[in-house]
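*Asks:* Read top to bottom, the protein sequences are chains A and B.
Quick note: the first sequence uses our numbering, first residue -13, plus one each step.
Quick note: the second sequence uses our numbering, first residue 4, plus one each step.
Idealized CB from N, CA, C, for every residue including glycine.
These figures come from a predicted structure and were not determined experimentally.
Starting off with a structure, shown below.
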Amino acid sequence: MGAGRLYAAVAAGGFRRYATYRTATAAGVFTNTVFGLILAYTYLALWHERPHLGGYDEGQALTYVWTGQALLMTVSAMGGGFEDELIERIRTGDIAIDLYRPADLQLWWLSADAGRALFHLLGRGVVPLVVGALLFPLALPTSPLTWLAFLIAVGFGVVVSFAIRFVVALCAFWLLDGAGVAQLSWLLAVFCSGMLLPLNVFPGALGEIVRVLPWSALLQAPLDVLLGTADPLSTYAFQGAWAVVLLAAGRLVQSAATRRVVVQGG
Amino acid sequence: MADTESRGTEPYGPARAEAYGRVREGLRAYRLITAMWIRSTMAYRASFAMTTFGNFAGTALDFVAIMLMFSRIDTLGGYSLPEVAFLYGLSATAFGLADLALGSMDRLGRRVRDGTLDTLLVRPVPVLAQVAADRFGLRRLGRVTQGVLVLGYAVAALDVSWTPLKVLMVPLALASGAGIFCAVFVAGAAFQFVAQDASEVQNSFTYGGQTLLQYPPTVFAKDLLRGVTFVLPLAFVNWLPALYVLGRPYPLDLPSWAAFAPPLVAAGCCALSGLAWRVGLRSYRSTGS
């Protein structure tokens, strides 16, 4: 029970930390709304040309745009979360202090990231979605159960996103400068998460490949649950499987990395 | 350097000479600070190569998205892929040049917040030049390269009967477009004096503006087009000159000579943003901590 309270406190800290920057949050909401507007018009042009592209009708495509903008920060599709800080701590050697703490490294950062995700869901998610719903005819579900199913899928998405970024950050133990891998990971996430374009619009085999990669758990999977184009349970199974695999990989890398740590005296 | 000795002997009167001197001084400072950052970047060549490539690939994803769209459609908003590529290439290159020159301006808010702007104020060098050259990122050449490549593809693939005027339109649009985006960067930084924590607002006008311009104007609602033509004149970056080259009418009723207005619009924008910068800098109160 004690451990549970510790990680809950870390998560609450993660939430409060981002909640402090109110102007920045407002500015971010503005950005997500501007990009939502631009994307909504381009999607309209796209679906005007090819109705039912990727199995979505126009309303679903617009919903995809605005909910996608609302979720970008929550699932850290563009990076910029805890991983930069963790990479910095590994580079400077502060990581040694973290390893001495009576808390698990992976769980610690997962809790902090969950707090961050929850804040971004509320702080940066709600307003763009409301603005989008006021300006465009969105196909939002009316059943509270669908919304609940969607939020669970978002939760899974956050965990998968964390698991990927944790492994990426730990690469800094070997590379010293983690900027390169972080950038590569960011590119893959943008391309394969459905942020660039819905994954079912990708042509042929490329579309099939990106749909089974872990990044599709970030945006595409929760959005499909919301739009009613995917079964929630099989979506959870897919996301959960990737979460387990990637978290386990993170554990392995973590134990290999901690054996590498040399604490300089003095 | 000949910069210092010629000051005061200008034939335009002392006030004007002083203004010229300030500009020259600013450019010189900008050159020196950028050179310093380039040298420091080049200390880690592998890292430089990687980040430049990352910059290239990151921006290329935008065009990949457009190509993926065109794998499913033949025209978007009535425009073919080479035509969209032409719009994209012009705006991406113009934006890339502005981003290369002034891309660090959005860090100003952070400097206002943590008080490090004070350090820049006490140096005998124009603050704008210091902020603009701060952490100059040569890796941003990746973005320019990507824009130029797409523009090259578009020019090769377009079915346009090139006249001398149409050929001239390309460099004209690139230079004025870069000027307009530079003005947006400076105006955005001036806004940071007031807002401090709002660099993302600036991003929505810079990166957002570039994203908007890479698609044909026919895609967007008339009100949005009016906004980016008459209020924040982004339409002059690429839409108006490109539509002249492509021989298409502009969705709003504008006279055809509007396609030649970008240099004037760019000059006007730069003057206004310069004014905004001065007002912002004057209003600056240090955090005092």
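(1) Specify, as a first and last residue, the run of the alpha helix (DSSP H) that A/Gly190 falls within.
(2) Report the residue from A/Leu23, A/Leu238, A/Phe224 whose alpha carbon sits nearest the alpha carbon of A/Leu121.
(3) Identify, in the order they occur along the chain, each residue of the same chain with its Cβ nearer than 8 Å to the Cβ of B/Trp280, setting aside the five sequence neighbours on each side.
(4) So, for A/Leu182: in the same chain, excluding its five sequence neighbours on each side, which residues have a beta-carbon less than 8 Å away from its beta-carbon?
(5) Measure the alpha-carbon distance for B/Ala88 versus A/Leu93 and round it to whole angstroms.
(6) With DSSP as the reference, label B/Leu161 as helix, strand or coil.
(7) Give a yes or no on whether the C-beta atoms belonging to B/Arg143 and B/Gly99 are separated by under 9 Å.
(8) Give the residues of chain A in contact with B/Gln213, contact being defined as C-beta atoms less than 9 Å apart.
(9) Between the Cα of B/Glu28 and the Cα atoms of B/Lys225, B/Pro129, B/Ala238, B/Ser94, which residue gives the shortest distance?
(10) Rounded to whole angstroms, what's the CA-CA distance from B/Val173 to B/Ala159? Just pull it up for me.
(11) Can you list the residues of chain B that A/Gln169 reaches, using a CB-CB cut of under 8 Å?
(12) Please name the residues in the stretch 152 to 186 of chain A whose beta-carbon is closer than 9 Å to at least one beta-carbon of chain B, in chain order.
(13) According to DSSP, is B/Tyr47 helix, strand or coil?
(14) Taking only beta carbons into account, state which residues of the stretch 28 to 58 of chain A come closer than 8 Å to chain B, listed in chain order.
(15) Ends of the alpha helix (DSSP H) at A/Thr60?
(16) Anyone know if the C-beta pair for A/Thr11 and A/Arg110 falls short of 9 Å?
(17) When burial is assigned at 16 or more other CB atoms within 10 Å of the CB, is A/Phe1 buried or exposed?
(18) Applying the criterion that 16 or more other CB atoms from any shown protein chain within 10 Å of the CB defines a buried residue, is A/Val230 buried or exposed?
(19) Evaluate the contact criterion for the stretch 196 to 206 of chain B versus the stretch 58 to 75 of chain B: three or more CB pairs, one atom per stretch, below 8 Å.
(20) Counting only the same chain and skipping the five closest in sequence on each side, list residues whose C-beta sits under 8 Å from that of B/Arg126.
(21) Tell me the residue span of the alpha helix (DSSP H) that contains B/Met172.
(22) Would you verify that the beta carbon of A/Ala235 is, or is not, closer than 9 Å to some beta carbon of chain B?
(23) Return the chain-ordered list of same chain residues with a C-beta closer than 7 Å to the C-beta of A/Leu58, the five sequence neighbours on each side being excluded.
(24) How about B/Val115 and B/Gln213: do their beta carbons lie closer than 9 Å?
(25) Put B/Tyr33 into one of helix, strand or coil per three-state DSSP.
(26) Can you have a look at B/Ser289 and say buried or exposed, based on whether 16 or more other CB atoms are within 10 angstroms of its CB?
(27) Within this structure, are the beta carbons of A/Trp33 and A/Tyr27 separated by less than 9 Å?
(28) Check whether chain A comes within 9 Å of B/Ala76, counting only Cβ atoms and requiring the distance to be less than that.
(29) In the DSSP output, what is A/Tyr222 paired with across the bridge?
(30) Taking 9 Å as the CB-CB cut-off, is B/Thr122 touching chain A?
(31) With a Cβ-Cβ cutoff of 9 Å, do B/Leu103 and B/Arg34 count as a contact?
(32) Between the Cα of A/Ala165 and the Cα atoms of B/Leu30, B/Ala52, B/Trp40, which residue gives the shortest distance?
(33) Going straight from the alpha carbon of B/Ala245 to that of B/Leu90, what length do you get?
(34) Is it buried or exposed for B/Asp77, if we count other Cβ within 10 angstroms and need 16 for buried?
(35) Considering only the beta carbon of each residue, do B/Leu175 and B/Thr96 sit closer than 9 Å?
(36) Between A/Leu134 and B/Tyr156, what straight-line distance do the alpha-carbon atoms span, to the nearest angstrom?
*Replies:* Result, derived from the coordinates:
(1) Segment 190 to 198, the alpha helix (DSSP H) holding A/Gly190.
(2) Cα-wise, what sits closest to A/Leu121 is A/Leu23.
(3) Annotation for B/Trp280: Leu131, Val189, Ala190, Ala192, Ala193 place their beta carbon closer than 8 Å to its own, counting only its chain and skipping 5 residues before and after.
(4) Same-chain partners within the cutoff: Val176.
(5) When rounded, the distance between both Cα atoms is 46 Å.
(6) Looking at B/Leu161 - three-state DSSP - the assignment turns out to be coil, as it is neither helix nor strand.
(7) Yes, Cβ-Cβ distance for B/Arg143 and B/Gly99 is below 9 Å.
(8) Those do not exist, as B/Gln213 stays about 10 Å from chain A at its closest Cβ, beyond 9 Å.
(9) Taking only the C-alpha atoms, the option nearest B/Glu28 is B/Pro129.
(10) Looking at the two C-alpha atoms, the distance is approximately 13 Å.
(11) Residues of chain B with a Cβ closer than 8 Å to the Cβ of A/Gln169 are, in chain order, Met53, Thr54, Gly57, Gly61.
(12) Sequence-ordered contacts of the stretch 152 to 186 of chain A with chain B read Asp163, Ala165, Gly166, Gln169, Leu170, Trp172, Leu173, Val176, Phe177, Leu182, Leu183 [C-beta pairs closer than 9 Å].
(13) Coil at B/Tyr47, not helix or strand.
(14) Within the stretch 28 to 58 of chain A, the residues whose Cβ lies closer than 8 Å to some Cβ of chain B are Thr28, Leu30, Ala31, Leu32, Glu35, Arg36, Leu39, listed in chain order.
(15) In the DSSP assignment, A/Thr60 falls outside any alpha helix (DSSP H), carrying neither H nor E.
(16) In contact: A/Thr11 and A/Arg110 (Cβ atoms closer than 9 Å).
(17) So A/Phe1 counts as buried.
(18) Exposed, by the Cβ-count rule.
(19) With fewer than three CB-CB distances shorter than 8 Å, the stretch 196 to 206 of chain B does not count as touching the stretch 58 to 75 of chain B.
(20) Cβ neighbours of B/Arg126 beyond the five flanking positions: Gln133.
(21) Per DSSP, B/Met172 belongs to the alpha helix (DSSP H) from 167 to 198.
(22) Taking Cβ atoms only, chain B never reaches closer than 9 Å to A/Ala235, which makes this a no.
(23) Excluding residues within five positions, the ones whose Cβ falls inside 7 Å are Asn18, Met64, Met181.
(24) For B/Val115 and B/Gln213, no; Cβs fall outside 9 Å.
(25) Three-state result, B/Tyr33: helix.
(26) By the neighbour-count rule (16 or more Cβ atoms within 10 Å), B/Ser289 is not buried but exposed.
(27) No.
(28) Before going further, note that residue 76 of chain B is Ile rather than Ala in the sequence given. B/Ile76 counts as touching chain A.
(29) Residue pairing by DSSP places A/Tyr222 in no beta bridge whatsoever.
(30) Chain A, which has no Cβ nearer than 9 Å to the Cβ of B/Thr122, makes this no.
(31) Contact flag unset, no.
(32) Cα-wise, what sits closest to A/Ala165 is B/Ala52.
(33) Take the alpha-carbon of B/Ala245 and the one of B/Leu90: they are about 7 Å apart.
(34) Classification for B/Asp77: exposed.
(35) No, the pair does not count as a contact, with Cβ atoms beyond the cut-off.
(36) Note on geometry: alpha-carbon atoms of A/Leu134 and B/Tyr156 lie some 47 Å from one another.
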